[in-house]
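Visitor: Here it is: the structure, laid out below.
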Amino acid sequence: MAAPDTYFCYACLRRHQTASVTGRGHRRFDIDADASTSAVQAHIREFDLQTKGVDAAFRILGFRGVEIHPPRFGRGWPPREEVERRYRKLVKRHHPDAGGDPEAFRRVQWAVEVLRRYRPPEEYRADRDPR
Numbered sequence: 003m004a005a006p007d008t009y010f011c012y013a014c015l016r017r018h019q020t021a022s023v024t025g026r027g028h029r030r031f032d033i034d035a036d037a038s039t040s041a042v043q044a045h046i047r048e049f050d051l052q053t054k055g056v057d058a059a060f061r062i063l064g065f066r067g068v069e070i071h072p073p074r075f076g077r078g079w080p081p082r083e084e085v086e087r088r089y090r091k092l093v094k095r096h097h098p099d100a101g102g103d104p105e106a107f108r109r110v111q112w113a114v115e116v117l118r119r120y121r122p123p124e125e126y127r128a129d130r131d132p133r
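The sequence shown runs 3 to 133 under this note's numbering.
Spelled out as structure tokens, the structure:
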């Protein structure tokens, strides 16, 4: 388990010391952060999740080279079934009850939550066949 003075940054997919210069600068990218400090901070965190968070979630689940711009309605989302398949595979590997790493398990859980939240509905997908 990670020390309490560190956190996992989804912007660069690394652990940071809370007191370090990089740690202070990347604090808003903590996957366990609470954006309840102010409305402005909540909006900034929401924007960060829609851009860097979606990209990080794809990397955590093992997708490489996925380009989605704009993130909410852009082209390039992998099929929902493929996301769920990779999620189940990683959860089995990292689940603490199966002897896996709890921190890696939390990252996988976070990644799939972000992708489920920001995936556009099928009727709004830009890469959908218009019929």
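The beta carbon of each residue, even a glycine, is placed where N, CA and C say it ideally should be.
Tell me, please, whether the stretch 77–91 touches the stretch 58–68 by the rule of three or more beta-carbon pairs shorter than 8 Å.
Guide: As far as the Cβ criterion goes, the stretch 77–91 touches the stretch 58–68, which means the pair count is three or higher.
Visitor: V56 CB to nearest chain C CB: under 8 Å?
Guide: Here chain C cannot be found, since the structure has a single protein chain.
Visitor: Since K54 contacts Y12 with CB under 8 Å, what's their CB separation in whole angstroms?
Guide: That belief holds up - the Cβ atoms of K54 and Y12 are roughly 7 Å apart, short of 8 Å.
Visitor: In three-state DSSP terms, what is H18?
Guide: Strand.
Visitor: Here's the rule I'm using: 16 or more other beta-carbon atoms within 10 Å means buried, otherwise exposed. How should D99 be labelled?
Guide: The residue is exposed, with fewer than 16 neighbouring Cβ atoms inside 10 Å.
Visitor: Distance check for A106 and R133, CA to CA, integer angstroms please.
Guide: Residue placement at R133 cannot be trusted, given a pLDDT of 47 that sits under 50; what the coordinates show is reported in the next sentence. Rounded to whole angstroms, R133 to A106 spans 42 Å at the Cα level.
Visitor: So, for H97: in the same chain, excluding its five sequence neighbours on each side, which residues have a beta-carbon less than 7 Å away from its beta-carbon?
Guide: Result list for H97: F107, in chain order.
Visitor: Only counting the same chain, and skipping five residues up and downstream in sequence, which positions put a Cβ closer than 8 Å to that of L63?
Guide: Once the five neighbours on either side are set aside, the close Cβ partners of L63 are V85, R88, Y89, L92, V110, A113, V114, L117.
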